[in-house]
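Novice:
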Amino acid sequence: MKPLVLVVDDNDRYANNLKTYLQENGCEVLRALDASQGWDLYLANKHKLKAVITDITMETQTSGLWMIRRIYQDGFEGIKVIATTGFDVSGVMAISKYFLPWFAGVEYMVPKVPLKRGEVVLIPTDGAPADFLGKLKS
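Under UniProt numbering, the sequence shown has 68 at position 68, and the numbering climbs by one with no breaks.
#1: Exposed or buried, what is Asp131 when buried is set at 16 or more other beta-carbons lying within 10 Å of its beta-carbon?
#2: Using CA coordinates, which residue listed in Phe76, Gly75, Leu41 and Thr54 is at the minimum distance from Tyr108?
#3: In whole angstroms, give me the CA-to-CA distance for Leu22 and Ala94.
#4: Determine contact between the stretch 33–43 and the stretch 65–81, defined as no fewer than three beta-carbon pairs at a distance below 8 Å.
#5: Across which residues does DSSP place Glu28 in a beta bridge pair?
#6: Looking at the structure shown, is Pro129 part of a helix, part of a strand, or coil, going by DSSP?
#7: Taking all protein chains shown into account, do 16 or more other C-beta atoms lie within 10 angstroms of the C-beta of Trp39, making it buried, or fewer, making it exposed?
#8: Count the other C-beta atoms from every protein chain shown that fall within 10 angstroms of the C-beta of Ser96, then say buried if there are 16 or more, exposed otherwise.
#9: Taking Cβ to Cβ, would you say Val121 is nearer than 8 Å to Pro114?
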């Protein structure tokens, strides 16, 4: 059975690059355009989902950060991932790798500059295993 992953991002380019990467690595993908739709898809599929990947802030101003925190507080045991352009700013990732696990159980961060080029880079936060795909498929 293919791992089911929810991708929440209002930007088609970023979402499609994530979706392609996940599908090429044997995953089934659900896509939400904003945090509100992401929350609804999460609730409808939470017992089947292996991971949730979300943008932090979307154009609709619905916050992916607060959605992933809510998912964390709901007890979701799957992998939680945050993607943002902010990780490409010097120093932000160094702080985020400690803050995000505490705040929302986030295990991986995706910088958007490589993602824009079609390259998916998953950087583990403090204590997360380096192998995202290995964890996803376990």
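Quick reminder that beta carbons are idealized off the backbone N, C-alpha and C, glycines included.
Specialist: So, from the data block:
#1: exposed
#2: Thr54
#3: 26 Å
#4: yes
#5: Leu4
#6: coil
#7: buried
#8: buried
#9: yes
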